[in-house]
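Peer 1: FYI, the numbering for the sequence shown is 43 to 800, going by the numbering used here. The following block contains the structure, expressed as structure tokens.
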Amino acid sequence: MGDLQAKTLVFAESFTKANDLLKQLHVQTLNNHKYINGLMPLTQVKNNYPFFIYQQFSIQPSLAQKLLPFFDYIDVHKDYLDEKLIYLKTIKQSLTTEKMLKKIDLKNFQDIVQLDKSFVPPYINNYESRNTISLIDKDIPLSKCDNVESQVYAIFEKVTDLLNQDIPISEIKIVNTQSDDDFQLKKLFRDANIPLVNLKKQSIMIYPVYKEIKQSLKTSSLETTKTLIQNYQSKYPQVSNQVIAVFNRYEDQLIESNREIFISMLDQLMIKTKRQVSGVEIITVDQMDDLNHHYLMMNYIDEYFPKKDIDNDYLTNKQKEMIQYPTSEDINQYRLNLYAHLFDGLQKLYLFYPKVLVDQTRISYLKLKRDYDLIDYQYMAKEKSYLATYDLLRYAIEKNIYESYHQESNDLALLKNTFEDDFKSYNPQFNGILQEDLDLLLERKYTLTGGKLEALKLCPFQYFLKYLLGLDNFVDNHYIYFGNKIHNALEALMTDENFDYKQMVMNSDDFPKDIIYKKPLFDQILIENIDKIFTIIKKFYDNSAYKDIMTEESLSLKINPNDRFLINGIIDKVMIDKENNYYLIIDYKYSQKTFTVDEFDKELKLQLPFYMYMFEKFYDFKPSGLFFRKTGYDREKENGGLDNLLNGVFLNDREQMERLEPTGKQITGLRYTKDGLYKSNRGLTIDDFKAMSKTLESYIYKAAKKIEAGDFEIKPILSEEKNNNSISCLYCDFAHICYSKNKYVKAGDDDEIYEKSN
43 MGDLQAKTLV FAESFTKAND LLKQLHVQTL NNHKYINGLM PLTQVKNNYP FFIYQQFSIQ
103 PSLAQKLLPF FDYIDVHKDY LDEKLIYLKT IKQSLTTEKM LKKIDLKNFQ DIVQLDKSFV
163 PPYINNYESR NTISLIDKDI PLSKCDNVES QVYAIFEKVT DLLNQDIPIS EIKIVNTQSD
223 DDFQLKKLFR DANIPLVNLK KQSIMIYPVY KEIKQSLKTS SLETTKTLIQ NYQSKYPQVS
283 NQVIAVFNRY EDQLIESNRE IFISMLDQLM IKTKRQVSGV EIITVDQMDD LNHHYLMMNY
343 IDEYFPKKDI DNDYLTNKQK EMIQYPTSED INQYRLNLYA HLFDGLQKLY LFYPKVLVDQ
403 TRISYLKLKR DYDLIDYQYM AKEKSYLATY DLLRYAIEKN IYESYHQESN DLALLKNTFE
463 DDFKSYNPQF NGILQEDLDL LLERKYTLTG GKLEALKLCP FQYFLKYLLG LDNFVDNHYI
523 YFGNKIHNAL EALMTDENFD YKQMVMNSDD FPKDIIYKKP LFDQILIENI DKIFTIIKKF
583 YDNSAYKDIM TEESLSLKIN PNDRFLINGI IDKVMIDKEN NYYLIIDYKY SQKTFTVDEF
643 DKELKLQLPF YMYMFEKFYD FKPSGLFFRK TGYDREKENG GLDNLLNGVF LNDREQMERL
703 EPTGKQITGL RYTKDGLYKS NRGLTIDDFK AMSKTLESYI YKAAKKIEAG DFEIKPILSE
763 EKNNNSISCL YCDFAHICYS KNKYVKAGDD DEIYEKSN
């Protein structure tokens with residue numbers, strides 16, 4: 043019914059509204075209600091509100107949206123002392139003057155009803171409370187699972203149990219999942235061939251097609267962008283239709299003159315997946331549309347449920363109290379009461395929680411009138427299972443453990459009876475990833491750097507774990523602290539010789555906390571280190587004709603528009619000879635690091651050529667050197683400062699190198715003779731640098747092809763070793779889950795060695 047026909051204003055959460063409408067439908071009652079969520083603003087604004095408030099007050103759309111609920115509570119006739127409240131009053135007065143606001147007139151309704159403990163704004167007191175959800179006299183099953191993974195299996199088993207009872211699949215709903223849960227559930231249900239539909243709203247920002255639409259909005263005409271959206275409409279209707287709906291609200295001229303604001307508005311869109319097939323549904327609590335369905339509530343712990351408001355909104359709790367707006371504590375208590383009421387009345391509710399996330403967890407603090415039926419969940423194989431593939435794998439693993447370590451699981455006998463005929467030896471090596479899972483990982487963030495290319499070459503599996511799955515457990519230590527502080531000091535001193543680096547070091551608060559008592563001693567060493575290294579670097583700079591300095595140069599680009607990846611990096615230092623149009627790159631390293639053409643040809647040292655390749659995409663200078671400089675200074679092994687020379691490759695051109703370093707004493711391998719330069723494999727021609735850049739590009743695309751194909755085999759370089767270990771394995775953090783037989787290192791072809799060692 044329309045607003046004019048609505049006689050009753052009902053404050054209701056989405057699930058209480060759905061339940062009320064369903065009950066009225068069953069008894070064929072004529073509905074003359076207007077439903078509204080009390081936490082949403084009763085004051086409505088015109089469509090062009092985001093543009094108006096930006097033009098008048100320079101407020102971005104994200105904040106403009108947050109301000110809307112406060113307008114219900116701001117009285118334009120009242121004098122406020124608080125600056126923010128005065129500001130909100132000014133905004134509301136401006137919106138009122140421009141007739142941008144429209145507030146629901148409560149006088150138009152004969153009755154106002156609070157439905158099932160839903161939130162009612164505190165300034166409304168003449169309302170009636172009604173309950174459509176009644177207390178169920180039945181304990182609620184609560185499954186206690188060891189961890190998150192165990193919880194996923196518990197959910198899966200409950201679903202299969204319900205399906206075996208002939209419960210319609212569309213009546214089974216999984217609620218309150220986290221993103222990792224969705225990922226694991228999807229895999230588990232797919233393996234069991236059970237349809238699973240994720241109906242949770244997702245930010246439009248995660249859709250690759252939106253990234254293209256957004257880029258078009260930034261760089262192309264509106265007509266070109268509209269054509270692009272229409273072309274995507276049949277293939278990506280959910281995204282395209284929502285974007286079109288926003289376009290249709292505004293005139294082209296308004297969008298054209300406020301493109302950034304319009305893009306910010308699009309960025310806030312949430313996309314709801316449509317039900318393409320019937321299946322078990324993953325939903326949020328507010329998507330519960332029939333309280334007679336079976337609801338499997340995951341993560342029933344106080345950390346995740348109910349969602350908690352914290353006092354970090356535009357207004358503080360104190361400011362909210364001044365205008366009678368509900369505080370964070372009010373909202374949190376409201377949710378506890380609301381969900382307790384809901385759970386007390388759900389006939390088919392099943393609760394699950396992991397005992398451990400990172401630390402021990404506590405179940406949600408709902409004060410229920412019903413008791414829990416506590417279930418200590420442990421996965422056990424069954425005679426009949428939807429998870430035959432998983433149980434078959436479990437049998438292979440349990441058999442391997444039993445034969446290797448004589449540890450027998452409780453269900454090994456059942457697994458053996460069921461799967462012995464289909465048994466295949468368990469191989470604990472990684473041998474692939476599903477394409478859709480890989481695509482999801484690459485959509486999150488797919489960038490290539492020199493370091494990542496090196497890691498992929500060292501071992502594809504190591505790259506996969508570290509950069510795609512993000513399993514790198516490296517934590518800062520005092521070496522990293524030293525390197526960062528030296529780097530920061532050198533950068534500042536090059537622009538201001540009077541920079542007080544001693545004060546910077548002594549006042550730093552990022553020293554490793556586990557050895558904080560050593561900080562005074564380390565500060566002394568660090569200050570001495572900076573002093574010595576800057577003396578060396580300053581002398582080099584003073585003698586050089588390369589006077590233009592760029593530090594911390596951050597570069598990022600797509601090589602070709604159709605590439606899925608970006609290349610990026612931050613160059614520590616670029617020195618430029620503008621008179622002759624040459625440049626060199628220097629990368630600071632706290633410890634000693636070398637760079638040679640031979641290492642580049644083996645794809646083991648790619649960082650400096652990678653920087654060169656990126657730099658020349660943005661600047662039109664010719665290379666005269668690629669160098670590492672050690673910034674760590676070892677007092678015990680001073681070695682005449684030789685450890686701190688520039689180490690790398692340089693241009694085989696005496697005239698230009700004398701402009702760079704006339705003394706010939708600060709670059710490893712550089713020596714002047716009467717005929718030119720001393721012959722060295724470190725001296726390269728301009729054509730050599732160009733060839734290196736071209737080869738580097740081929741390395742990039744070879745790596746991208748390997749990554750996008752999901753080729754992440756365990757394959758360390760066994761022919762290159764250090765301290766009797768493969769260089770791939772020397773500093774790898776994943777040895778405990780890797781099965782390369784590193785002890786079989788021999789000389790010879792990489793592939794041949796790898797095959798022999800596995």
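Here a beta-carbon is modelled for each residue, glycine too, at the ideal position from N, C-alpha and C. All of these numbers come straight from a predicted model, not from anything done at the bench.
Suppose the cutoff is 7 Å on Cβ atoms and the five residues either side in sequence are ignored; what does the same chain contact list for Q634 look like?
Peer 2: In the sequence shown, counting from the first residue as 1, residue 634 sits at position 592. Answer for Q634: K672 and D685, listed in chain order.
Peer 1: Of the residues L393, L123, S136 and Q366, which one's Cα is nearest the Cα of K200?
Peer 2: For the purposes of this step, residue 200 is taken as residue 158 along the sequence shown, with counting starting at 1. Of L393, L123, S136 and Q366, the residue nearest in Cα terms is L393.
Peer 1: Return the chain-ordered list of same chain residues with a C-beta closer than 7 Å to the C-beta of E533, the five sequence neighbours on each side being excluded.
Peer 2: Taking the first residue of the sequence shown as position 1, residue 533 is located at position 491. These residues qualify, in order along the chain: T593 and E594.
Peer 1: Does the Cβ of D309 lie closer than 8 Å to at least one heavy atom of the ligand FAD?
Peer 2: Because no ligand of any kind appears in the structure shown, any question about the ligand FAD cannot be addressed here.
Peer 1: What number of angstroms, rounded off, separates the C-alpha of I575 from the C-alpha of V639?
Peer 2: As a first step, residue 575 is located in the sequence shown; it is residue number 533 there, counting from the start. As a first step, residue 639 is located in the sequence shown; it is residue number 597 there, counting from the start. C-alpha separation (whole angstroms): 27 Å.
Peer 1: Here's the rule: buried if 16 or more other CB atoms are within 10 angstroms of the residue's CB, otherwise exposed. What is N206?
Peer 2: Along the sequence shown, one-based indexing puts residue 206 at 164. Label assigned to N206: exposed.
Peer 1: Quick check: the Cα distance between V327 and I216, rounded to an integer number of angstroms?
Peer 2: Residue mapping note: residue 327 aligns to position 285 of the sequence shown, counting from 1. Residue mapping note: residue 216 aligns to position 174 of the sequence shown, counting from 1. For V327 and I216, the distance between alpha carbons rounds to 10 Å.
Peer 1: Which value, in whole angstroms, describes the spacing of the CA atoms of K458 and Q420?
Peer 2: Within the sequence shown, the letter at position 416 stands for residue 458. Within the sequence shown, the letter at position 378 stands for residue 420. Their backbone Cα atoms lie some 19 Å apart in a straight line.
Peer 1: V87 bridges to which residues according to DSSP?
Peer 2: Here residue 87 refers to the residue found at position 45 of the sequence shown. Answer by DSSP bridge pairing, in chain order: L143.
Peer 1: Whether or not the region 359-376 and the region 422-441 are in contact is what I'm after, with contact meaning three or more pairs of Cβ atoms, one per stretch, closer than 8 Å; do they touch?
Peer 2: Too few Cβ pairs lie closer than 8 Å, so no.
Peer 1: Determine whether the beta carbon atoms of L510 and F754 lie at a separation below 9 Å.
Peer 2: Along the sequence shown, read from residue 1 onward, the residue named residue 510 stands at position 468. Along the sequence shown, read from residue 1 onward, the residue named residue 754 stands at position 712. Yes, the Cβ-Cβ distance between L510 and F754 is below 9 Å.
Peer 1: Hey, would you say I297 sits closer than 9 Å to L270, going by beta carbons?
Peer 2: For the purposes of this step, residue 297 is identified with residue 255 of the sequence shown, where counting begins at 1. For the purposes of this step, residue 270 is identified with residue 228 of the sequence shown, where counting begins at 1. Taking 9 Å as the Cβ cut-off, I297 and L270 do not qualify as a contacting pair.
Peer 1: Alpha carbon to alpha carbon, how far is I197 from I182? Give it in angstroms, no decimals.
Peer 2: Counting from 1 along the sequence shown, the entry for residue 182 is found at position 140. Counting from 1 along the sequence shown, the entry for residue 197 is found at position 155. Approximately 15 Å, taken between the alpha carbons.
Peer 1: I'd like the span of the beta strand (DSSP E) that includes E595, first residue to last.
Peer 2: Here residue 595 is taken as the residue at index 553 of the sequence shown, counted from 1. Where E595 is concerned, the enclosing beta strand (DSSP E) stretches over D590 to L599.
Peer 1: What would DSSP say about D181, mapped onto helix, strand or coil?
Peer 2: Translated into positions along the sequence shown, residue 181 becomes position 139. Coil.
Peer 1: How many angstroms separate the CA atom of S176 from the CA atom of Y376?
Peer 2: Indexing the sequence shown from 1 puts residue 176 at position 134. Indexing the sequence shown from 1 puts residue 376 at position 334. Distance between the alpha carbons of S176 and Y376: 18 Å.
Peer 1: Tell me which same chain residues have a C-beta within less than 6 Å of the C-beta of L137, skipping the five on either side of it?
Peer 2: Counted from its first residue, the sequence shown places residue 137 at position 95. Answer for L137: L143, listed in chain order.
Peer 1: Provide the residue span of the alpha helix (DSSP H) that contains T491, from first to last.
Peer 2: Counted from its first residue, the sequence shown places residue 491 at position 449. Per DSSP, T491 belongs to no alpha helix (DSSP H) and is neither H nor E.
Peer 1: Can you tell me whether D629 is buried or exposed? The criterion is at least 16 other CB atoms within 10 Å of its CB, across all chains shown.
Peer 2: Translated into positions along the sequence shown, residue 629 becomes position 587. D629 comes out buried.
Peer 1: Excluding the five sequence neighbours on either side, which residues of its own chain have a C-beta within less than 6 Å of the C-beta of E246, listed in chain order?
Peer 2: As a position in the sequence shown, residue 246 is number 204, starting the count at 1. It is Ile, not Glu, that sits at residue 246 in the sequence shown. Around I246: Y252, L311 and I313.
Peer 1: Can you name the start and end residues of the beta strand (DSSP E) that T50 belongs to?
Peer 2: Within the sequence shown, the letter at position 8 stands for residue 50. T50 -> beta strand (DSSP E) spans T50 to F53.
Peer 1: Let me see if you follow: with CB-CB separation under 9 Å, is H448 close to chain B or not?
Peer 2: The structure shown has no chain B; it contains just one protein chain.
Peer 1: Determine the closest residue to K242 out of V285, Y278, Q329 and S666, with distance taken between C-alpha atoms.
Peer 2: Counting from 1 along the sequence shown, the entry for residue 242 is found at position 200. Among V285, Y278, Q329 and S666, the Cα nearest to that of K242 belongs to Q329.
Peer 1: In this structure, how does DSSP classify E450 when only helix, strand and coil are distinguished?
Peer 2: Along the sequence shown, read from residue 1 onward, the residue named residue 450 stands at position 408. Three-state DSSP puts E450 in coil, outside helix and strand.
Peer 1: Less than 9 Å separating the beta-carbons of L608 and S598?
Peer 2: For this step, residue 608 is matched to residue 566 along the sequence shown. For this step, residue 598 is matched to residue 556 along the sequence shown. Yes. Within cutoff.
Peer 1: Which residue spans inside the region 632-690 form an unbroken alpha helix (DSSP H) run of at least 4?
Peer 2: Runs found: 639-643 and 649-660.
Peer 1: So is G44 buried or exposed if we call it buried at 16+ other beta carbons inside 10 Å?
Peer 2: Mapped onto the sequence shown, residue 44 falls at position 2. In this prediction, G44 has a pLDDT of 40, which is less than 50 and means its spatial position is unreliable; what the coordinates show is noted afterwards. Exposed.
Peer 1: Quick check on the burial criterion: 16 or more other C-beta atoms within 10 angstroms. Buried or exposed for S221?
Peer 2: Sequence index remark: in the sequence shown, residue 221 carries index 179 (1-based). When all chains shown are included, S221 counts as exposed.
Peer 1: In this structure, how does DSSP classify S370 when only helix, strand and coil are distinguished?
Peer 2: The residue given as residue 370 occupies position 328 in the sequence shown. DSSP places S370 in helix when its eight states are reduced to three.
Peer 1: Going by the beta-carbon positions, is the gap between I759 and L388 smaller than 9 Å?
Peer 2: Here residue 759 refers to the residue found at position 717 of the sequence shown. Here residue 388 refers to the residue found at position 346 of the sequence shown. For I759 and L388, no; Cβs fall outside 9 Å.
Peer 1: Please return the same chain residues whose Cβ sits closer than 6 Å to the Cβ of S56, not counting the five positions on each side in sequence.
Peer 2: Taking the first residue of the sequence shown as position 1, residue 56 is located at position 14. For S56, where only same-chain residues beyond five positions count, the Cβ hits under 6 Å are D328.
Peer 1: Looking only at its own chain, which residues have a Cβ that is under 6 Å from the Cβ of K134, when we skip the five neighbours before and after it?
Peer 2: If you number the sequence shown from 1, residue 134 lands on position 92. Once the five neighbours on either side are set aside, the close Cβ partners of K134 are F113, I116 and V118.
Peer 1: Which complete alpha helix (DSSP H) runs does the region 494-542 hold, if anything under 4 residues is left out?
Peer 2: Counting whole runs of 4 or more residues, the region 494-542 contains the alpha helix (DSSP H) stretches 502-505 and 520-537.
Peer 1: Could you say which of E293, S104, S262 and K316 lies nearest to N283 if we only look at CA atoms?
Peer 2: One-based indexing of the sequence shown puts residue 283 at position 241. Comparing Cα-Cα distances from N283 to each of E293, S104, S262 and K316, the minimum goes to K316.
Peer 1: If you draw a straight line from the C-alpha of L716 to the C-alpha of L693, how long is it?
Peer 2: Working through the sequence shown from its first residue, we reach residue 716 at position 674. Working through the sequence shown from its first residue, we reach residue 693 at position 651. One point to set straight first is that residue 716 is Lys, not Leu, in the sequence displayed. Near 17 Å, if we compare the C-alpha coordinates of L693 and K716.
Peer 1: DSSP three-state label for V547, please.
Peer 2: If you number the sequence shown from 1, residue 547 lands on position 505. The answer is helix: DSSP assigns V547 an H, G or I state.
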